[in-house]
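Q: Protein chains in written order, with our numbering: chain P, 617 to 879; chain R, 617 to 879; chain Y, 617 to 879. Cβ atoms here follow ideal geometry from the backbone N, Cα and C, with glycine treated the same way.
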Amino acid sequence: MAKNTLVTLMTDFGTSDPYVAAIKGTILRLCPRAQIVDLCHEVPAHNVPMAAFILAHSAPHFPADTLHVIVVDPTVGTERRILAARIGGQFYLFPDNGVISRVVGMLPLQSLHIVRNTSFLPSPPSATFHGRDVFAPVAAQILNGLDISRLGPQPDKYTLLEVAAPVIGDDAIVGQVVYIDRFDNIVSNISAQVVSGHKVENLRVFCAGKEIGPIVRTYAAAPRHRTLALINSMGLVEVAVNQGRAAHFLGAALGDEVRITWK
Amino acid sequence: MAKNTLVTLMTDFGTSDPYVAAIKGTILRLCPRAQIVDLCHEVPAHNVPMAAFILAHSAPHFPADTLHVIVVDPTVGTERRILAARIGGQFYLFPDNGVISRVVGMLPLQSLHIVRNTSFLPSPPSATFHGRDVFAPVAAQILNGLDISRLGPQPDKYTLLEVAAPVIGDDAIVGQVVYIDRFDNIVSNISAQVVSGHKVENLRVFCAGKEIGPIVRTYAAAPRHRTLALINSMGLVEVAVNQGRAAHFLGAALGDEVRITWK
Amino acid sequence: MAKNTLVTLMTDFGTSDPYVAAIKGTILRLCPRAQIVDLCHEVPAHNVPMAAFILAHSAPHFPADTLHVIVVDPTVGTERRILAARIGGQFYLFPDNGVISRVVGMLPLQSLHIVRNTSFLPSPPSATFHGRDVFAPVAAQILNGLDISRLGPQPDKYTLLEVAAPVIGDDAIVGQVVYIDRFDNIVSNISAQVVSGHKVENLRVFCAGKEIGPIVRTYAAAPRHRTLALINSMGLVEVAVNQGRAAHFLGAALGDEVRITWK
């Protein structure tokens, strides 16, 4: 009962429809002490890989025992399962579609259960809005102290996305664009560790076929409106324009090549 | 004093201006224990019918005694009245412009008062921002335990919008598009009850002049990127495209006809 | 320990990326009792003057002792300083780039300190995301009761933006457009005080080279879809269209002239 009652919500519902509020209302109705924080509701519709990325770079910063509820669920109402997990000291409730892939790649999976015991649902769920009718009531029960092991059995396996890793060659590392943020900064899948064997000043970064230059420390290290590359706050090589829009300027898109060479 | 201090906000203010924060700050200044939840701030500007729809499909999910504050108020500063109501065990504070229409169509109206006693406003209200200067302070007083009957007298009448009902004929039900959501799902005003006299497998749905097909159970019941119709989580007939954008695909807009026929 | 734990966040991060949630998670991890309210995350990217305006018209409405954290910080990672201030009975934590200019123009600056003591940061900060790595932990310590004087010394000076004042002539007041809101209302830098020496009915307002007409009291005082001018809820002369979009209709942009003449 002394448990954390902090719960975050991540959906692809946006904030202009009644859906997110319906989920929040349901959680609060069933667990009045719940403290709800929005993780993100602007996940592109049905985009599970993007949700996996955003989740992995926000959820781990929350306190121990925080419950993260993810409703990016294009196959809602089918036989796809809902899973509850304990990962890295926090709880996650999510559809079994791979959205958890990047979190479990970073943090230890401590337990995993299929949500099968739905005896505590307040009413039979609709077929199209499990966020309100299943995820929210199950989340409320977890916040009320229910042990996730009581939700159902452990699965034999669960869905993981294929996450592209950079190719490390003798004279180049070849990765790709995995995320473009609101500032149009271009995030690659090349981590700081991968380039750590090289002197940073010897590295040259290329993105979308154009040479960006060496890796610098801050956005402001480049002249205003000029391209630069840096190790970003996620520990990944990022291509940016100081106070400008790199993806637009370079014409870069998700999946484009990011290449690093050295002298 | 042991009352609920949960308050939701619904506005057409968006989230890029200082307005919503000014309302929240004022509520918290006057009722520090207030627990504020955003219902929706992306109501299209001045669009009372849309606000009425979003409200009816989110507010009722909240706990008993929740206070819902609605500031979609194109005639702010005129003689339009502000009303406080108890409906279905919750409280609503709203301009008398019909925004409450769909909620009172679904839940019992238990009491209704004109907000006339403004003796507890912290300062004379501006003429243009009653959200901050009237709604927020009145909301804080209600959260602090003020009985809404003390706000003012009961009105003789109040504004209700004309809500279009589907026309039920001998060989067809003819409704219309009343909402299009972020996913471009098309929501009609035809409820599950209206079609409940028919075997679902005998029904054929048409929208924007095109045949959609039979009613299925889930989005994923149709092949990816194909149209479908279903009974949605609001209990309404909805036309969608599995992982696609139905309104865009069909060229459908608010007010367009949705027709259901049967064999 | 009995201090307020209310903290607001203002950023130019938008709400589609993991950044805002990473800040919130970090604050809550280090101060579980924190009560976080979004001030605004839709500040245009890198736009410090706009952030200064939004801040000044929302933050002061919050309770005494509220902590406002501002992360609109285009020169993150450079030698720009982070400052903590007590202003008008509230706390502000912000980059020394002038974002505080309009607040200190309105309210008394009570104390000001450079954030130099970073001994309590949980880990060495990244060079690119001080919102998560410096602002959030420092905010948590302030919420936990740390006196801001312990963060570092008082600065000799700090950055203030040049804020354009209207030019008051013998037969005209000439100001400019300083803000355009979601409704496309056009806000000028001409305050109610500046025009208070004149009878309102004698004033004529011009914007973007077009005559708007006299100053009225409410949006609804003009016919629907017609231009009007009024004193808005910020105490500033505003040009609007009743239930329409003034900036679009008039082709007005930030910096355009707003002129008031009189008979």
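1) When the Cα of residue 729 (chain Y) is compared with those of Y:736, Y:711, Y:739, Y:799, which residue comes out closest?
2) With a threshold of 8 Å on Cβ separation, who are the neighbours of residue 703 (chain P) within its own chain once the five nearest residues in sequence on each side are excluded?
3) Restricting to runs no shorter than 4 residues, where is the alpha helix (DSSP H) found entirely within the stretch 728 to 760 of chain P?
4) Hey, which unbroken runs of the alpha helix (DSSP H) at 4 residues or more fall wholly within the stretch 840 to 873 of chain R?
5) With DSSP as the reference, label residue 792 (chain P) as helix, strand or coil.
6) I'd like to know if residue 817 (chain Y) contacts chain R, where contact means its C-beta is closer than 8 Å to some C-beta of that chain.
7) So what does DSSP say about residue 879 (chain R), is it helix, strand or coil?
8) Can you look up residue 700 (chain Y) in the DSSP assignment and give me helix, strand or coil?
9) Quick check: is the beta carbon of residue 656 (chain P) nearer than 8 Å to any beta carbon in chain Y?
10) Which whole runs of the beta strand (DSSP E) in the stretch 778 to 834 of chain P are 3 residues long or more, in chain order?
11) Please work out which residues of its chain come closer than 7 Å, Cβ to Cβ, to residue 833 (chain Y), disregarding the five sequence neighbours upstream and downstream, and give them in chain order.
12) Listed in chain order, which residues of the stretch 670 to 683 of chain Y have Cβ atoms closer than 9 Å to some Cβ of chain R?
13) May I ask which residues mark the beginning and end of the beta strand (DSSP E) holding residue 707 (chain P)?
14) The stretch 694 to 710 of chain R: which residues have C-beta closer than 7 Å to a C-beta of chain Y, in chain order?
15) Show which residues of chain P have a CB atom less than 7 Å away from the CB atom of residue 644 (chain Y).
16) Among the residues of its own chain, which have a CB less than 6 Å from the CB of residue 618 (chain Y), if the five just before and after it don't count?
17) Comparing the C-beta of residue 633 (chain R) with each C-beta of chain Y, is any distance below 8 Å?
18) Drop a sphere of 10 angstroms on the beta-carbon of residue 879 (chain R), count the other beta-carbons inside from all chains shown, and report buried for 16 or more, exposed for fewer.
19) With 7 Å as the C-beta to C-beta threshold (strictly closer), list the residues of the stretch 852 to 876 of chain R near chain P in chain order.
20) Check the Cβ of residue 627 (chain P) against every Cβ in chain R and list those closer than 7 Å, keeping chain order.
21) Less than 8 Å separating the beta-carbons of residue 759 (chain Y) and residue 678 (chain P)?
22) Between P:667, P:791, P:638, which has its C-alpha nearest residue 633 (chain Y)'s C-alpha?
23) For the alpha helix (DSSP H) containing residue 642 (chain Y), list its first residue and its last residue.
24) Please classify residue 749 (chain P) as buried or exposed, where buried requires at least 16 other C-beta atoms within 10 Å of its C-beta.
25) Assuming residue 882 (chain Y) contacts residue 841 (chain Y) under a Cβ cut-off of 8 Å, what Cβ separation, rounded to an integer in Å, is found between them?
26) Does the beta-carbon of residue 875 (chain R) have 16 or more other beta-carbons within 10 angstroms, so that it is buried, or is it exposed?
27) What residues match up with residue 654 (chain Y) in a beta bridge as DSSP calls it?
28) Nearest CA to the CA of residue 655 (chain P): which residue from Y:656, Y:639, Y:696, Y:663?
29) Residue 670 (chain R) by DSSP, collapsed to three states: which one?
30) Does the structure place the stretch 760 to 775 of chain Y close enough to the stretch 800 to 816 of chain Y that three or more beta carbon pairs sit under 8 Å?
31) Anyone know if the C-beta pair for residue 651 (chain P) and residue 671 (chain P) falls short of 8 Å?
32) Against chain P, with Cβ distances strictly below 8 Å, would residue 647 (chain R) count as a contact?
33) Taking the beta strand (DSSP E) that residue 720 (chain Y) falls in, what are its first and last residues?
34) Within its chain, find whatever has a CB closer than 7 Å to the CB of residue 836 (chain P); leave out the 5 residues flanking it on each side and keep chain order.
35) Below 8 Å between beta carbons is the criterion; list the residues of the stretch 746 to 776 of chain P that meet it against any residue of chain R, in chain order.
36) Apply the 10 Å Cβ neighbour rule to residue 713 (chain Y) and answer buried if 16 or more other Cβ atoms are within range, or exposed otherwise.
A: Taking the geometry as given:
1) Y:711
2) 716, 719, 720, 723, 724, 725, 726
3) 752 to 759
4) Taking 4 residues as the shortest admissible run, the stretch 840 to 873 of chain R contains the following complete alpha helix (DSSP H) segments, listed from N- to C-terminal end: 862 to 866.
5) strand
6) no
7) DSSP places residue 879 (chain R) in the coil class of the three-state scheme, outside both helix and strand.
8) Here residue 700 (chain Y) sits in strand by DSSP.
9) Using a CB distance cut-off of 8 Å, residue 656 (chain P) counts as an interface residue toward chain Y.
10) 788 to 796, 802 to 807, 819 to 823, 826 to 829
11) 846
12) 670, 671, 672, 673, 674, 675, 676, 677, 678, 679, 680, 682
13) Membership of residue 707 (chain P) in the beta strand (DSSP E) is indicated by the continuous run 706 to 711.
14) 694
15) The answer, in chain order, is 622, 678, 679.
16) Residue confidence for residue 618 (chain Y) is low, a pLDDT of 40 falling below 50, so the modelled location carries little weight and cannot support an answer.
17) yes
18) exposed
19) 859
20) Within 7 Å Cβ-Cβ: nothing; residue 627 (chain P) doesn't reach chain R, min ~10 Å.
21) no
22) P:667
23) 635 to 646
24) buried
25) No statement about residue 882 (chain Y) is possible, as the shown extent of chain Y runs from 617 to 879 and does not include it.
26) Residue environment analysis places residue 875 (chain R) among the buried positions, since at least 16 neighbouring C-beta atoms fall within 10 angstroms of its C-beta.
27) Y:625
28) Y:639
29) Under the three-state reduction of DSSP output, residue 670 (chain R) falls in the helix class.
30) no
31) In terms of Cβ geometry, residue 651 (chain P) and residue 671 (chain P) do not form a close pair [threshold 8 Å].
32) no
33) Not the beta strand (DSSP E): residue 720 (chain Y) falls in the alpha helix (DSSP H), residues 717 to 722.
34) 858
35) 748, 749
36) buried
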